[in-house]
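Trainee: Just add 459 to wherever you are in the sequence shown, counting from 1, and you've got my numbering.
Note that beta-carbon positions come from the ideal geometry of N, C-alpha and C, so glycine has one too.
For clarity, every value in this text was computed on a predicted model and none was experimentally measured.
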Amino acid sequence: MLEFEFEIMNGSSINLRYLFGGEWFTFNLYLSDEVWILHPFEGILLGNKEMSRLVIADMFTNKTFLVMLAKERILLSNIHSSMDLGQQSEEQISYRGKIEDQPEPANDKDNMDDMDAFIQANSIEEVIEQEKKLVLSRVNYFREILKRMFMDGLGPNDEEFDKVREIVKIYEEAAHKLGNRDDLFNGNNHKRF
């Protein structure tokens with residue numbers, strides 16, 4: 460039995476169904492102001508932030524969901540929830556749970572206040588270091604997806620595999636430009652597909 464189903468309505472709207480705890484949860488993923496918004500429809504999610512976090516975080520580990528995003532060229536970092544999940548962006552509640560990203564503020568005034576506070580609280584070196592960590596975490600995240608796809612029998616010349624590999628290449632180039640060249644090839648990161 461599949462845990463994830465989707466229907467692409469058009470280039471800016473996708474209907475999703477995700478099986479969690481024996482129950483189906485329905486979402487709409489739609490493009491708004493160059494950001495993808497994930498909107499739940501069930502009352503149990505709309506009224507319960509904790510449950511919403513759990514379901515969404517679990518959905519972000521689903522291979523079919525991740526491949527669908529890759530095919531549609533949607534980055535996880537560009538997905539936000541339509542509801543306040545306790546000042547956490549979807550990026551923060553991805554299955555890795557360790558990605559540090561600034562929360563998305565509720566409105567433009569909050570955005571400017573948060574930006575001012577962020578600028579005052581961080582040196583340029585700290586900002587660059589945070590971005591380096593974020594980009595490296597994305598490299599590792601998508602490399603892990605490639606590894607799992609490879610273990611499932613996909614490889615070079617498979618369309619889905621190649622698209623995810625393109626995402627890895629983009630993040631690797633960004634990491635290289637930020638000065639993470641050595642970090643890209645340390646530890647488990649030296650294997651490439």
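In chain order, what are the residue ranges of uninterrupted alpha helix (DSSP H) at least 4 long that sit wholly in the region 576-603?
Mentor: With a minimum length of 4 residues, no continuous alpha helix (DSSP H) run stays inside the region 576-603.
Trainee: Counting contacts by CB-CB distance shorter than 8 Å, is G470 in contact with chain C?
Mentor: Protein chains in the displayed structure number just one, and chain C is not present.
Trainee: Does N507 come out as helix, strand or coil in the three-state DSSP assignment?
Mentor: Three-state DSSP puts N507 in coil, outside helix and strand.
Trainee: Could you check what DSSP says for S472 in three-state terms: helix, strand or coil?
Mentor: Strand at S472.
Trainee: Considering only C-alpha positions, which residue in the set K522, E588, E531 is nearest to N469?
Mentor: N469 has its Cα closest to that of E531, out of K522, E588, E531.
Trainee: Ends of the alpha helix (DSSP H) at F524?
Mentor: From DSSP, the alpha helix (DSSP H) with F524 extends over 522-530.
Trainee: Check E449 in the structure and name its three-state DSSP category.
Mentor: Past the edges of the chain, shown from 460 to 652, lies residue 449, and the structure says nothing about it.
Trainee: Thinking C-alpha only, which one of I496, N616, Y477, E590 is nearest L534?
Mentor: L534 has its Cα closest to that of I496, out of I496, N616, Y477, E590.
Trainee: Look at the alpha carbon of I587 and the alpha carbon of L593, and state the distance between them as a whole number of angstroms.
Mentor: When rounded, the distance between both Cα atoms is 10 Å.
Trainee: Does the separation of the CB atoms of F465 and I473 fall below 8 Å?
Mentor: In contact: F465 and I473 (Cβ atoms closer than 8 Å).
Trainee: Are the Cβ atoms of L478 and F486 separated by less than 8 Å?
Mentor: Contact flag unset, no.
Trainee: Go through its chain and collect everything with a Cβ distance to L605's Cβ below 8 Å, but skip five positions before and after it.
Mentor: Contacts found: F620, V623, R624, V627, F652.
Trainee: Taking D492 as the reference, which of N537, M608, A576 has the closest Cα?
Mentor: Minimum Cα distance to D492 is reached at N537.
Trainee: Just mark P499 as buried or exposed, buried being the case when its beta carbon has 16 or more other beta carbons within 10 Å.
Mentor: Classification for P499: buried.
Trainee: For F536, does the three-state DSSP call read helix, strand or coil?
Mentor: Note that residue 536 is Ser in the sequence shown here, rather than Phe. The answer is helix: DSSP assigns S536 an H, G or I state.
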